[in-house]
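S.K.:
There are 2 protein chains.
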Amino acid sequence: MVYAAILGFGTVGSGVYEILRKNPSSIGKKAGDTIDVKYILDIRDFPDHPEAHLFTKNYDDILNDEEVSIVVEVMGGLKPAYEFTKAALLAGKSVVTSNKELVATHGTELIAIAKENKTNYFFEASVGGGIPIIRPLNQCLAANEISHLHGILNGTTNYILTKMFQEGSSFEDALKEAQDLGYAERNPEADVEGHDACRKTAILASLATGKFVDYNDIPTEGITKITQTDVIMAEKIGYVIKLIGSAEIDADGKVNAIVAPRLVSKTSLLSDVDGVFNAIMVRGDSLGDVMFYGRGAGKLPTASAVVADVIDAAKHFHINKWVIWGEAESGLMNDPETASYRYFVRTKDASLAEKFPGAEEIGGADGEFVFVTAPMQEKDFKAQVGDNAYIRILP
Amino acid sequence: MVYAAILGFGTVGSGVYEILRKNPSSIGKKAGDTIDVKYILDIRDFPDHPEAHLFTKNYDDILNDEEVSIVVEVMGGLKPAYEFTKAALLAGKSVVTSNKELVATHGTELIAIAKENKTNYFFEASVGGGIPIIRPLNQCLAANEISHLHGILNGTTNYILTKMFQEGSSFEDALKEAQDLGYAERNPEADVEGHDACRKTAILASLATGKFVDYNDIPTEGITKITQTDVIMAEKIGYVIKLIGSAEIDADGKVNAIVAPRLVSKTSLLSDVDGVFNAIMVRGDSLGDVMFYGRGAGKLPTASAVVADVIDAAKHFHINKWVIWGEAESGLMNDPETASYRYFVRTKDASLAEKFPGAEEIGGADGEFVFVTAPMQEKDFKAQVGDNAYIRILP
Chain A
6 MVYAAILGFG
16 TVGSGVYEIL
26 RKNPSSIGKK
36 AGDTIDVKYI
46 LDIRDFPDHP
56 EAHLFTKNYD
66 DILNDEEVSI
76 VVEVMGGLKP
86 AYEFTKAALL
96 AGKSVVTSNK
106 ELVATHGTEL
116 IAIAKENKTN
126 YFFEASVGGG
136 IPIIRPLNQC
146 LAANEISHLH
156 GILNGTTNYI
166 LTKMFQEGSS
176 FEDALKEAQD
186 LGYAERNPEA
196 DVEGHDACRK
206 TAILASLATG
216 KFVDYNDIPT
226 EGITKITQTD
236 VIMAEKIGYV
246 IKLIGSAEID
256 ADGKVNAIVA
266 PRLVSKTSLL
276 SDVDGVFNAI
286 MVRGDSLGDV
296 MFYGRGAGKL
306 PTASAVVADV
316 IDAAKHFHIN
326 KWVIWGEAES
336 GLMNDPETAS
346 YRYFVRTKDA
356 SLAEKFPGAE
366 EIGGADGEFV
376 FVTAPMQEKD
386 FKAQVGDNAY
396 IRILP
Chain B
6 MVYAAILGFG
16 TVGSGVYEIL
26 RKNPSSIGKK
36 AGDTIDVKYI
46 LDIRDFPDHP
56 EAHLFTKNYD
66 DILNDEEVSI
76 VVEVMGGLKP
86 AYEFTKAALL
96 AGKSVVTSNK
106 ELVATHGTEL
116 IAIAKENKTN
126 YFFEASVGGG
136 IPIIRPLNQC
146 LAANEISHLH
156 GILNGTTNYI
166 LTKMFQEGSS
176 FEDALKEAQD
186 LGYAERNPEA
196 DVEGHDACRK
206 TAILASLATG
216 KFVDYNDIPT
226 EGITKITQTD
236 VIMAEKIGYV
246 IKLIGSAEID
256 ADGKVNAIVA
266 PRLVSKTSLL
276 SDVDGVFNAI
286 MVRGDSLGDV
296 MFYGRGAGKL
306 PTASAVVADV
316 IDAAKHFHIN
326 KWVIWGEAES
336 GLMNDPETAS
346 YRYFVRTKDA
356 SLAEKFPGAE
366 EIGGADGEFV
376 FVTAPMQEKD
386 FKAQVGDNAY
396 IRILP
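Protein sequence lines correspond, in order, to chains A and B. Whatever position you read off the first sequence (first residue = 1), add 5 for our numbering. Whatever position you read off the second sequence (first residue = 1), add 5 for our numbering.
So this is what it looks like as structure tokens:
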């Protein structure tokens, strides 16, 4: 028998409990041993829960119980998740998490502690919800040097952008609908401003390079300024708009990472990823392009990724499976101002395009003109574009 | 140092050699030890190869060399691959393969032998070329009961069907072009008749159920009878045609598996998988739909999947990582004649549709009429359809 404790009985935590209770024999077969939940930690009371005896408010109950070998941290946030995780790893317990904030902030230290203590820190569910991406990047693509990855990593913003394209909704109306359906929070800033996608991009970039990429070093723009003119003109030239987290690794191993709305050609499979779905396109030197697609959020999809990690933790008790990435390396990140893009520009200034050699005018709507530039460096572009709206084009 | 031997220096074998020689340090880091190629077995001579001393024609050189812990079997076919694999596993060596024929035929026995001898038989490259699918099905989706999987598993046929849709080519012209480009063999039967996809479907179905599914039990139809009328009429109702290998697992754990051309709705992401690309859509009870997409064939994509397995084998020396599936179980497969589909029927008989209650006429071309039936069992459908052409519709 392998005993697990669940920290946080919110959406994901209750999903993990549900899956472990629903498929115990098939999970036990895959894990090589039966997995049982011994504790659930939550500050709230659940007196009517059928297994109310499992609940505790005292983390020491879990930490000091030598029978508990797996701690499932699905509380979210940094405090107290960080100290709880660290203490569990130092005690030789495996920790499984969906907490992207914690992984993106303290992952390097926690991965190193896991190694030193011959245990594991697994976080498949921190990126892409239920989509298998962490393990494939680590294992299946191990024979490849990854040259870039482009991900639709946030379901809320993808839902909003899909509505804007398919139904002509405004950003505000699409956001309101997403909120009404429970796809967006009442305070949607973390999603619509790209912060959520930024944490996930940092995790993927760290995996792809094997070195810690700090999310603070990734320029991040949200989708709040996208208008119907953008949508109409993008469609006209065969593109959709997606919030893309990208990391490109050049021949010297240096990284360009950015989270921003991008024009994505309709010839790319990424353009067909609609609604709350997520997808990550990865290019490897041997493999070419692979894409992973699925539900990037939600109770059971995310919980199923957590439980897959629990199974793997049970199979690797006291064996550190992998060191996913090491310390940050100075000079790893290229200066974002030197990154080069083609830009889609929307402006009221009929003569703006003239400032951009090679720019191609593509029309206009609602008193605005739209043009597309030739590839140029960010700093040169910004020196000319002023306050006009623009969207970078995904190559 | 971990020593590997490559059996078969054809397309995939030379790709494996190339990748291992190209990225030794990053591969070594991921494997935890340097991986070196000690032998290459081939019946041909390669006197001009820069490492001509590696070549041998005598398998005993490899089998009896205790330093060789990993055997890469990329010869294809059953003979002598089966006996070479068995001997290597019995000697405690790990075997990594891309040989779908062998896995689909003798996989159950070889998996069991690997377990008994505390070693591993890995075959990520046997399905989907470079696409990670075997490991995700085993690990990442371990917390899910899989209810179905639908795969575009053969690049040659997908290339042909894409040409027929995008350029209005006939089957014969598209096949010829695929042959000229090297995407199809001079004798294309294994691809166009669905045999290749059938082996891969059997492997995936075995993985999804945990029990051996014999490819001989999977009804298999190819794409040679698809005409431009099919293409035009499918487009008219919002579908494309893809060769799909599918396995559906019902609530009792029984399996319906079939390989056949299917009408795939343009609202499905599978419909956007074009050219030589492959994709596998999998539905899990917790996860919902996930899709894996990439190059299903080719030297380096396939070799990169092989090398990922080599790395995993190096990390699990003398530890059996998993028993992927067990023995066949009688009664596992549902009778294919009781499977239910909607059918797309093309006929010269203007009154045929009347024999199918609920059938919907959708028009015609070139003196043929096309209609779509309501869902009905295969045996009832076949009793009425006679010699007329039909295509099953993917739900």
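Here a beta-carbon is modelled for each residue, glycine too, at the ideal position from N, C-alpha and C. Remember, predicted model here, so these are calculated numbers, not experimental data.
Taking the Cβ atom as the reference point for each residue, do B:K91 and B:E114 lie within a distance shorter than 9 Å?
M.R.: The residue you call residue 91 of chain B lines up with position 86 of the second sequence. The residue you call residue 114 of chain B lines up with position 109 of the second sequence. Contact: yes.
S.K.: B:N163 by DSSP, collapsed to three states: which one?
M.R.: By one-based count along the second sequence, residue 163 of chain B stands at place 158. Here B:N163 sits in helix by DSSP.
S.K.: Would you verify that the beta carbon of A:D38 is, or is not, closer than 9 Å to some beta carbon of chain B?
M.R.: Start at 1 with the first residue of the first sequence, and residue 38 of chain A comes out as number 33. False, the Cβ-Cβ gap to chain B never drops below 9 Å.
S.K.: Using a Cβ cut-off of 7 Å, which residues of the stretch 319-352 of chain A contact any Cβ in chain B, in chain order?
M.R.: From the stretch 319-352 of chain A, no residue has a Cβ closer than 7 Å to chain B.
S.K.: Strictly under 9 Å for the Cβ-Cβ distance: is A:A313 near chain B by that measure?
M.R.: Walking along the first sequence from the start, residue 313 of chain A turns up at place 308. Judged by the 9 Å Cβ criterion, A:A313 is in contact with chain B.
S.K.: Do B:G20 and B:S309 come within 9 Å of each other at the CB atom, strictly closer than that value?
M.R.: Position 304 of the second sequence, counting from 1, holds the residue named residue 309 of chain B. Position 15 of the second sequence, counting from 1, holds the residue named residue 20 of chain B. Yes, the Cβ-Cβ distance between B:S309 and B:G20 is below 9 Å.
S.K.: Do B:F217 and B:A130 have their beta-carbon atoms positioned less than 9 Å apart in this structure?
M.R.: Counting from 1 along the second sequence, the entry for residue 130 of chain B is found at position 125. Counting from 1 along the second sequence, the entry for residue 217 of chain B is found at position 212. No, the pair does not count as a contact, with Cβ atoms beyond the cut-off.
S.K.: Name the chain B residues whose beta carbon is nearer than 9 Å to that of A:Y298?
M.R.: Here residue 298 of chain A refers to the residue found at position 293 of the first sequence. In chain order: L274, A284, M286, D294, V295, M296, F297, Y298.
S.K.: Does B:Q144 have its Cβ less than 9 Å from a Cβ in chain A?
M.R.: Here residue 144 of chain B refers to the residue found at position 139 of the second sequence. B:Q144 counts as touching chain A.
S.K.: Give a yes or no on whether the C-beta atoms belonging to A:L146 and B:P137 are separated by under 9 Å.
M.R.: One-based indexing of the first sequence puts residue 146 of chain A at position 141. One-based indexing of the second sequence puts residue 137 of chain B at position 132. Yes, the Cβ-Cβ distance between A:L146 and B:P137 is below 9 Å.
S.K.: For B:R397, report the span of its beta strand (DSSP E) as first-last.
M.R.: Residue 397 of chain B sits at position 392 when you count from the first residue of the second sequence. Note, B:R397: beta strand (DSSP E), 394-398.
S.K.: Suppose you measure from the CA of B:L166 to the CA of A:I237; what does that come to, to the nearest Å?
M.R.: Counted from its first residue, the second sequence places residue 166 of chain B at position 161. Counted from its first residue, the first sequence places residue 237 of chain A at position 232. So the alpha carbons of these two residues sit roughly 32 Å apart.
S.K.: Could you name the residues of chain E that B:L107 contacts, counting a contact when the two beta carbons are closer than 8 Å?
M.R.: In the structure shown, chain E does not exist; the protein chains are A and B.
S.K.: So who's on the other strand from A:E373, going by DSSP bridges?
M.R.: In the first sequence, residue 373 of chain A corresponds to position 368, counting from 1. According to DSSP, A:E373 bridges with A:A370.
S.K.: Taking the alpha helix (DSSP H) that A:F322 falls in, what are its first and last residues?
M.R.: Counting from 1 along the first sequence, the entry for residue 322 of chain A is found at position 317. First-last for A:F322: undefined, no H or E at that position.
S.K.: Do you know how far the Cα of B:S291 is from the Cα of A:E23?
M.R.: Along the first sequence, one-based indexing puts residue 23 of chain A at 18. Along the second sequence, one-based indexing puts residue 291 of chain B at 286. Rounded to whole angstroms, A:E23 to B:S291 spans 10 Å at the Cα level.
S.K.: Determine which residues of the stretch 226-259 of chain B have a Cβ less than 7 Å from any Cβ of chain A, and write them out in chain order.
M.R.: From the stretch 226-259 of chain B, no residue has a Cβ closer than 7 Å to chain A.
S.K.: A:E383: buried (16+ other C-beta within 10 angstroms of its C-beta) or exposed?
M.R.: Against the first sequence, residue 383 of chain A aligns to sequence position 378. Per the 10 Å Cβ criterion, buried.
S.K.: Looking only at C-alpha atoms, which of B:N159, B:I75, B:G250, B:P55 sits nearest to B:A313?
M.R.: For the purposes of this step, residue 313 of chain B is identified with residue 308 of the second sequence, where counting begins at 1. For the residues B:N159, B:I75, B:G250, B:P55, the minimum Cα distance to B:A313 belongs to B:I75.
S.K.: Between A:K43 and B:N69, what straight-line distance do the alpha-carbon atoms span, to the nearest angstrom?
M.R.: Numbered from its first residue, the first sequence carries residue 43 of chain A at position 38. Numbered from its first residue, the second sequence carries residue 69 of chain B at position 64. Distance between the alpha carbons of A:K43 and B:N69 is about 50 Å.
S.K.: Could you please give the first and the last residue of the uninterrupted beta strand (DSSP E) stretch that includes B:K247?
M.R.: Within the second sequence, the letter at position 242 stands for residue 247 of chain B. Residues 244-254.
S.K.: Can you find a C-beta in chain B that's less than 9 Å from the C-beta of A:K5?
M.R.: The first residue shown for chain A is 6 and the last is 400, placing residue 5 of chain A beyond what the model contains.
S.K.: Roughly how many angstroms lie between the CA atoms of A:T214 and A:L268, to the nearest whole one?
M.R.: As a first step, residue 214 of chain A must be located in the first sequence, where it is residue number 209. As a first step, residue 268 of chain A must be located in the first sequence, where it is residue number 263. Rounded to whole angstroms, A:T214 to A:L268 spans 26 Å at the Cα level.
S.K.: Thinking C-beta only, is A:I254 closer than 9 Å to A:E342?
M.R.: Residue 342 of chain A sits at position 337 when you count from the first residue of the first sequence. Residue 254 of chain A sits at position 249 when you count from the first residue of the first sequence. No. Outside cutoff.
S.K.: Should A:L248 and A:N163 be called a contact, given that it needs their Cβ atoms to be closer than 9 Å?
M.R.: The residue given as residue 248 of chain A occupies position 243 in the first sequence. The residue given as residue 163 of chain A occupies position 158 in the first sequence. For A:L248 and A:N163, yes; Cβs fall inside 9 Å.
S.K.: Look at the Cβ atom of B:A117, then the Cβ atom of B:V100, and state whether they are nearer than 9 Å.
M.R.: Numbered from its first residue, the second sequence carries residue 117 of chain B at position 112. Numbered from its first residue, the second sequence carries residue 100 of chain B at position 95. No, the Cβ-Cβ distance between B:A117 and B:V100 is not below 9 Å.
S.K.: Quick check: the stretch 175-186 of chain B against the stretch 224-243 of chain B, are at least 3 beta-carbon pairs closer than 8 Å?
M.R.: Segments in contact, yes.
S.K.: Nearest-angstrom Cα distance between A:M80 and A:E88?
M.R.: Numbered from its first residue, the first sequence carries residue 80 of chain A at position 75. Numbered from its first residue, the first sequence carries residue 88 of chain A at position 83. C-alpha separation (whole angstroms): 12 Å.
S.K.: Determine the contact status of B:H155 and B:L399, defining contact as a CB-CB distance below 9 Å.
M.R.: Along the second sequence, read from residue 1 onward, the residue named residue 155 of chain B stands at position 150. Along the second sequence, read from residue 1 onward, the residue named residue 399 of chain B stands at position 394. Their beta carbons are under 9 Å apart, which means B:H155 touches B:L399 by this criterion.
S.K.: Helix, strand or coil for B:E334? Go by DSSP, reduced to three states.
M.R.: Locating residue 334 of chain B in the second sequence gives position 329, where the first residue counts as 1. Here B:E334 sits in coil by DSSP.
S.K.: Taking the alpha-carbon of B:I285 as reference, which of B:F297, B:D279, B:S276 has the nearest alpha-carbon?
M.R.: Translated into positions along the second sequence, residue 285 of chain B becomes position 280. The shortest C-alpha separation from B:I285 is found at B:F297.
S.K.: In its own chain, which residues sit with a C-beta less than 8 Å from the C-beta of B:S270, not counting the 5 before and 5 after it?
M.R.: For the purposes of this step, residue 270 of chain B is identified with residue 265 of the second sequence, where counting begins at 1. These residues qualify, in order along the chain: G243, Y244, S276, L399.
S.K.: Can you pull the DSSP bridge partners for A:A148?
M.R.: In the first sequence, residue 148 of chain A corresponds to position 143, counting from 1. Its beta-bridge partners do not exist; DSSP assigns none.
S.K.: Can you find a C-beta in chain A that's less than 9 Å from the C-beta of B:D317?
M.R.: Locating residue 317 of chain B in the second sequence gives position 312, counting from the first residue. Chain A contact via Cβ: present.
S.K.: Hey, out of B:A318, B:G293, B:K259, whose CA is closest to A:Q144's CA?
M.R.: Here residue 144 of chain A is taken as the residue at index 139 of the first sequence, counted from 1. The shortest C-alpha separation from A:Q144 is found at B:A318.
S.K.: Whose CA, out of A:G199, A:P362, A:L94, lies closest to the CA of A:A379?
M.R.: Your numbering for residue 379 of chain A matches position 374 in the first sequence. Taking only the C-alpha atoms, the option nearest A:A379 is A:P362.
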